[in-house]
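Peer 1: Residue numbers are given in my numbering: position 134 of the sequence shown equals residue 308, and the series is strictly consecutive.
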Amino acid sequence: MLSSNGRMKIAIQRSGRLTEDSIALLRACGLEFEFQKQSLYSPCKNFDLDILAIRDDDIPEYVRDGVADLGIVGENILRERKSKIPVLEKLGFGSCKLMISVPQRSSYKAITDLNGLRIGTTYPHTLKEFLRQHKVKAEIIKLSGSVELAPSLDVADAICDIVSTGTTIKMNGLRTLCTVLESQAVLIASPDVHKDKKKKKETERLLIRIRGSLQARGKRYLMLNAPLEALEKIKAILPSLKSPTIVPLADTNMVAVHSVIAEDVFWDVMEKLKAAGASGIIVVPIETIIQ
Ligand code: PRT
Ligand code: ZN
175 MLSSNGRMKI
185 AIQRSGRLTE
195 DSIALLRACG
205 LEFEFQKQSL
215 YSPCKNFDLD
225 ILAIRDDDIP
235 EYVRDGVADL
245 GIVGENILRE
255 RKSKIPVLEK
265 LGFGSCKLMI
275 SVPQRSSYKA
285 ITDLNGLRIG
295 TTYPHTLKEF
305 LRQHKVKAEI
315 IKLSGSVELA
325 PSLDVADAIC
335 DIVSTGTTIK
345 MNGLRTLCTV
355 LESQAVLIAS
365 PDVHKDKKKK
375 KETERLLIRI
385 RGSLQARGKR
395 YLMLNAPLEA
405 LEKIKAILPS
415 LKSPTIVPLA
425 DTNMVAVHSV
435 IAEDVFWDVM
445 EKLKAAGASG
455 IIVVPIETII
465 Q
């Protein structure tokens, strides 16, 4: 039985591709809990929230029915369930594409080439909608798993399945033909959350933390010393979130510059800063950014 102890509940995938990142996100929000996938509930010690571990396919229904107040699930599942539950935030992990693939040696190139074919999938509703939009008449073969085997077993001529690295498709002698849907994990909320004052407030608190942690992802905090005359040059090099913080130093010819930079431009920026006269460069990780 599901407990209704009055605490908020967030549903996450019990065991699968979204589990680790969902837990990491909640921990990055400062939530303290021990996650055991054997138990349905993991209570947070420092937040009025229980983590509910279930199959990803059940998350939209649990949240829609208010059994869970919040949920973390892939957009692909929401679309397939024709869910109307509001998405509060895209979470930037679990990225994948729902794609139509065909045998490598086939001659199919365009979406219209799918006319008259049998397409195997575990996403019949999403595929039906896609084919309707593109005015393609194909037969949808509903499968429950191992979709990639369907063409070699002659159960289907093409497949519509989730692709991430593309290895599965390649290993089964298939190639992708088109994208049906781009997906990532999202935070959803039960419509009832907004009607309950306490839950609404707790959701807003959590959302601020989630956004702060997403903002900080891929960013570093940079500190350096620079001669005053090099300051303008250094400011021009720094692609900061906002203008950098300039701190005076005991040596009045020098200043300290603090800024936030993106991880992927880090080394390029570093070399330019050194060449411009920066010294004592320190780069530290950022846990959260609250705007
Ligand atoms: O038990 P439960 O029902 O909870 O889990 P599940 O087995 O249904 O889901 P799971 O854990 O496989 O995926 C959970 C969610 O992760 C999906 O709903 C997507 O939102 C997202 N996701 C991200 C993926 C993938 N990447 C992915 N690669 N879901 C599935 N795959 C599968 C795909 O179906 C195919 O079999 O991985 C294979 C392709 O991967 P590549 O890397 O070889 O292209
Ligand atoms: Zn599932």
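Don't be surprised by glycine CBs; every beta carbon is placed ideally from N, CA and C.
(1) Please report how far the alpha carbon of residue 271 lies from the alpha carbon of residue 359, in whole angstroms.
(2) Out of curiosity, what's the CA-to-CA distance linking residue 175 and residue 431?
(3) For the candidate residues 328, 214, 196, whose alpha-carbon lies nearest to that of residue 269?
(4) Anyone know if the C-beta pair for residue 203 and residue 383 falls short of 7 Å?
(5) Say yes only if the C-beta of residue 230 is nearer than 6 Å to one or more non-hydrogen atoms of the ligand ZN, and no if none qualify.
(6) What alpha helix (DSSP H) runs, 4 residues minimum, are completely inside the stretch 190 to 216?
(7) Please return the same chain residues whose Cβ sits closer than 6 Å to the Cβ of residue 469, not counting the five positions on each side in sequence.
(8) With a cut-off of 8 Å on the beta carbons, I'd call residue 293 and residue 314 a contact; round off their distance for me.
(9) Could you tell me the boundaries of the beta strand (DSSP E) in which residue 399 lies?
(10) How should residue 353 be labelled, buried or exposed, when 16 other C-beta atoms within 10 angstroms of its C-beta is the threshold for buried?
(11) CB residue 274 to CB residue 334, shorter than 7 Å?
(12) Where does residue 307 land, buried or exposed, given buried means 16+ other C-beta within 10 angstroms?
Peer 2: Reading it off the structure:
(1) 12 Å
(2) Reliability fails at residue 175, whose pLDDT of 40 lies under 50, so the model's placement of it is uncertain and no value is given.
(3) 196
(4) yes
(5) yes
(6) 193 to 202
(7) Since the first residue of the chain shown is 175 and the last is 465, residue 469 is not available in this structure.
(8) 6 Å
(9) 393 to 401
(10) exposed
(11) yes
(12) exposed
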